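To keep things clear, I will list the structure first and then write my remarks on it.
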Amino acid sequence: APTSRARLDLLFGSAPAHALQGLAEFSHVWVLFVFHDNGNKAIKALVHPPRLDGETQGLFATRTPHRPNPIGLSLCRLVEVKGSVLVLSGCDIIHGTPILDVKPYIPSYDTHGTDPVSVPAWIANPPIADIAVAFSPAAEEALVRLAPTFSLFASVEEARAAIVDVLKGDPRSVHLRNKGDFSAASGKRFVFALDQVDVTASFDAVSDDKAGVTSKVTSATVDEIVPVYSRLKEELREKARAKP
């Protein structure tokens with residue numbers, strides 16, 4: 002999501018801020034990280050990228066987190082350097098992710114100049130188009146009410162844009178899409194954390210007026226926004242680990 006925000010705390014050495022000297026002169030950075038929340042899912046040679054809606058590709062032709070060595074790479078915009086903290090945007094990294102390295106993005110090194118760059122058709126024109134995103138009145142009210150608690154977003158508009166960016170690409174895995182009905186009437190919901198809130202959304206099929214039938218095109222509705230529960234779960238895990 003281009004409008005997402007992240008805070009990266011550097012814990013390197015006795016004076017971590019020294020390691021960031023000069024980095025603020027760059028606009029973008031590469032962030033290498035560990036896919037630490039994969040669970041025990043087996044690594045398979047063929048995977049189902051969400052944007053392919055069930056079709057398969059070889060795992061090394063995708064950005065799947067389920068890899069022989071679960072290392073991720075994200076190109077992020079460097080918003081600010083504050084002491085030993087980096088404020089980033091455009092990151093596809095979840096809360097608590099272990100970071101392996103940060104490198105400056107240097108166009109003359111990291112692009113191929115005038116050499117043509119090609120990508121598969123499913124990347125250039127994904128089979129699944131972006132979907133419309135709406136907010137329920139309750140979610141709109143909660144977003145405004147909880148905005149003062151945000152640590153990464155400066156306004157309601159910034160947070161709202163980030164939520165839309167996450168949902169418009171339908172972040173559900175193919176497994177979740179096929180698992181069952183996520184419509185408003187079903188009671189099933191998709192939940193993700195953003196800054197200091199948990200966002201709950203439903204997905205509904207949209208009728209294709211031209212064909213007169215229900216198509217696979219969907220819309221997402223933000224049903225509820227509440228103070229983040231994932232942070233509470235993390236605190237409970239830490240307390241459990243600390244017990245003798």
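With the first letter of the sequence shown counted as 1, position 85 gets the number 86 in my numbering; the numbers rise by one all the way through.
In this text, a Cβ means the ideal position worked out from N, Cα and C, and glycines have one as well.
Owing to the predicted nature of the structure, the values given are computational and were not obtained by experimental measurement.
(message) On the criterion of 16 or more Cβ atoms from any shown chain inside 10 Å, does T150 qualify as buried, or is it exposed?
(response) As a working note, residue 150 is residue 149 in the sequence shown. T150 comes out exposed.
(message) Would V198 and P228 be called neighbours here (beta carbons separated by less than 9 Å)?
(response) For this step, residue 198 is matched to residue 197 along the sequence shown. For this step, residue 228 is matched to residue 227 along the sequence shown. Yes.
(request) Inspect the beta-carbon positions of L141 and R6 and report whether they are closer than 9 Å. (result) Here residue 141 corresponds to residue number 140 of the sequence shown, with the count starting at 1. Here residue 6 corresponds to residue number 5 of the sequence shown, with the count starting at 1. Position check: residue 141 holds Glu in this sequence, whereas Leu was assumed. No. Outside cutoff.
(request) From the DSSP output, read off the bridge partner residues of Q197. (result) The sequence position of residue 197 within the sequence shown is 196, counting from 1. Answer is none; Q197 lacks a bridge partner.
(message) Rounded to whole angstroms, what is the Cα-Cα separation between L144 and L21?
(response) Stepping through the sequence shown from its first residue, residue 144 is reached at position 143. Stepping through the sequence shown from its first residue, residue 21 is reached at position 20. Cα to Cα, L144 sits roughly 34 Å from L21.
(message) Rounded to the nearest angstrom, what separates V82 and A206 at their Cα positions?
(response) One-based indexing of the sequence shown puts residue 82 at position 81. One-based indexing of the sequence shown puts residue 206 at position 205. Distance between the alpha carbons of V82 and A206 is about 43 Å.
(request) Take H176 as the anchor and find which of K104, L87, L53 has the nearest alpha-carbon. (result) Taking the sequence shown and counting its residues from 1, one reaches residue 176 at position 175. Looking at the Cα atoms, L53 is the closest of the given residues.
(request) Give the straight-line distance between the Cα atoms of A46 and G59, rounded to the nearest whole angstrom. (result) Counted from its first residue, the sequence shown places residue 46 at position 45. Counted from its first residue, the sequence shown places residue 59 at position 58. If I take the Cα positions, the gap works out to 6 Å.
(message) Spatial neighbours of P71 within its chain, please: C-beta separation below 7 Å, excluding the five flanking residues on both sides.
(response) Within the sequence shown, numbered from 1, the residue matching residue 71 stands at position 70. These residues qualify, in order along the chain: V35, F36, N39.
(message) Taking 7 Å as the limit between beta carbons, can you name the residues of its chain near A139, skipping five residues before and five after?
(response) Residue 139 sits at position 138 when you count from the first residue of the sequence shown. Taken in chain order, the residues that qualify are E225.
(message) Considering just the uninterrupted stretch of the beta strand (DSSP E) at E159, what are its terminal residues?
(response) Against the sequence shown, residue 159 aligns to sequence position 158. Here E159 belongs to no beta strand (DSSP E); instead the alpha helix (DSSP H) covers 157 to 169.
(request) Evaluate contact between the segment 97 to 114 and the segment 122 to 130, counting only Cβ atoms and requiring at least three cross-stretch pairs below 8 Å. (result) no
(request) Let me know if L87 comes out buried or exposed under the rule of 16 or more other beta-carbons within 10 Å of its beta-carbon. (result) The sequence position of residue 87 within the sequence shown is 86, counting from 1. Under this definition L87 is a buried residue.
(request) Within the same chain, show all residues whose beta-carbon is closer than 8 Å to that of D182, passing over the 5 residues directly before and after it, in chain order. (result) Counting from 1 along the sequence shown, the entry for residue 182 is found at position 181. Hits under 8 Å: K189.
(message) Does G213 pass the burial test, meaning 16 or more other C-beta atoms within 10 Å, or should it be called exposed?
(response) For this step, residue 213 is matched to residue 212 along the sequence shown. Per-residue confidence for G213 stands at a pLDDT of 47, beneath the threshold of 50, marking its modelled position as unreliable; the derived number appears in the next sentence. Classification of G213: exposed, given that the 10 Å Cβ count is below 16.
(request) Could you check which residue in S137, L74, V167 has the C-alpha nearest to that of D102? (result) Locating residue 102 in the sequence shown gives position 101, where the first residue counts as 1. Nearest C-alpha to D102: L74.
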